[in-house]
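*Asks:* I have a structure I would like to understand better, so I am pasting it below and will then ask my questions one at a time.
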Amino acid sequence: MARDPLHYLGGYPEKTLLQVQRLIDEGRLGAHVAARYEGVHDRTTNKALFEYVKDLKRHYMRTAPPVSRATYDDRLMAAEKALGLHTFSSKAHGGKLRASSDIRIAGVFRDAPEPFLRMIVVHELAHLREKDHNKAFYRMCESMEPDYHQLEFDARLFLTAKELERAAN
1 MARDPLHYLG
11 GYPEKTLLQV
21 QRLIDEGRLG
31 AHVAARYEGV
41 HDRTTNKALF
51 EYVKDLKRHY
61 MRTAPPVSRA
71 TYDDRLMAAE
81 KALGLHTFSS
91 KAHGGKLRAS
101 SDIRIAGVFR
111 DAPEPFLRMI
121 VVHELAHLRE
131 KDHNKAFYRM
141 CESMEPDYHQ
151 LEFDARLFLT
161 AKELERAAN
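As structure tokens, then:
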């Protein structure tokens, strides 16, 4: 059974979904996204991703807890139904409690336009301060990336186009 091509866009208004469906029907969704976001970023290794995450954190969230690791995870979208994942753990080490904060980014963003990677990283960094997706969380995302909501929508279009392209091949 084929998946609904608009499954990444659940919760968007019907008018928006109809516009996206029209682009899909006309075979223009991928070209539409590519016209807005040319090329891909060069942060394709886990080391480069970690440096990128640390730079954004250092610039916007100096007082937030440190990030221990940032990696691409090719299994993330299928296993977690998520584009990124932020995990916290605390371990007792001798008489001290050691906290760790890891960020995993879906592997599909390894070959994506930089604004989409930035949006996902900003989202996961916001979880350092706000665990839930509430108003304060989204305000924090917008403070780091003013176009956060547009980028989130366009990233969903990008993922839809990629999935349709894979299905056609």
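Residue 56 in UniProt numbering sits at position 56 of the sequence shown; the count goes up by one each step and never skips.
Every residue gets a Cβ at the ideal spot worked out from N, C-alpha and C, and that includes glycine.
Fair warning: this is a prediction, and the values are worked out from it, not measured in the lab.
Measuring only the C-alpha atoms, how far is glutamate 145 from tyrosine 37?
*Replies:* On the sequence shown, position 145 is the one that residue 145 refers to. On the sequence shown, position 37 is the one that residue 37 refers to. Rounded to whole angstroms, glutamate 145 to tyrosine 37 spans 16 Å at the Cα level.
*Asks:* Looking only at C-alpha atoms, which of Ala136, Ala112, Ala167 and Ile105 sits nearest to tyrosine 72?
*Replies:* Taking the first residue of the sequence shown as position 1, residue 72 is located at position 72. When each option's Cα is compared against that of tyrosine 72, the closest is Ile105.
*Asks:* CA-CA distance, proline 66 and arginine 58?
*Replies:* If you number the sequence shown from 1, residue 66 lands on position 66. If you number the sequence shown from 1, residue 58 lands on position 58. Each residue's alpha carbon lies about 9 Å from the other.
*Asks:* Could you check how far apart the C-beta atoms of proline 113 and valine 53 are, in whole angstroms? I think they sit under 8 Å.
*Replies:* Here residue 113 is taken as the residue at index 113 of the sequence shown, counted from 1. Here residue 53 is taken as the residue at index 53 of the sequence shown, counted from 1. No, proline 113 and valine 53 are not in contact; Cβ-Cβ is about 17 Å, not under 8 Å.
*Asks:* Thinking just about the alpha-carbon of each residue, which of Phe158, Arg166 and Leu76 is nearest to the one in alanine 35?
*Replies:* The residue given as residue 35 occupies position 35 in the sequence shown. Of Phe158, Arg166 and Leu76, the residue nearest in Cα terms is Phe158.
*Asks:* Using DSSP with H/G/I as helix, E/B as strand and the rest coil, what is alanine 70?
*Replies:* Residue 70 sits at position 70 when you count from the first residue of the sequence shown. In the structure shown, alanine 70 sits in a strand (DSSP, three-state: E or B).
*Asks:* What does the alpha-carbon distance come out to for the pair glutamate 163 and leucine 128?
*Replies:* Position 163 of the sequence shown, counted from the start, is the residue given in the question as residue 163. Position 128 of the sequence shown, counted from the start, is the residue given in the question as residue 128. Using only the alpha carbons, I get a separation of about 30 Å.
*Asks:* Whole angstroms are fine: how far does the CA of glutamate 51 sit from the CA of histidine 153?
*Replies:* Along the sequence shown, one-based indexing puts residue 153 at 153. Along the sequence shown, one-based indexing puts residue 51 at 51. The question names histidine, but residue 153 is phenylalanine in the sequence shown. One C-alpha to the other measures close to 26 Å.
*Asks:* Got a sec, what are the start and stop residues for the alpha helix (DSSP H) leucine 56 sits in?
*Replies:* The sequence position of residue 56 within the sequence shown is 56, counting from 1. First-last of the alpha helix (DSSP H) with leucine 56: 46-60.
*Asks:* Alpha carbon to alpha carbon, how far is aspartate 147 from glutamate 14?
*Replies:* The sequence position of residue 147 within the sequence shown is 147, counting from 1. The sequence position of residue 14 within the sequence shown is 14, counting from 1. Cα-Cα distance, rounded: 22 Å.
*Asks:* In chain order, what residues of the same chain have a beta carbon less than 7 Å from the beta carbon of arginine 43, not counting five sequence neighbours either side?
*Replies:* Here residue 43 is taken as the residue at index 43 of the sequence shown, counted from 1. The answer, listed in chain order, is Leu49, Tyr52 and Leu117.
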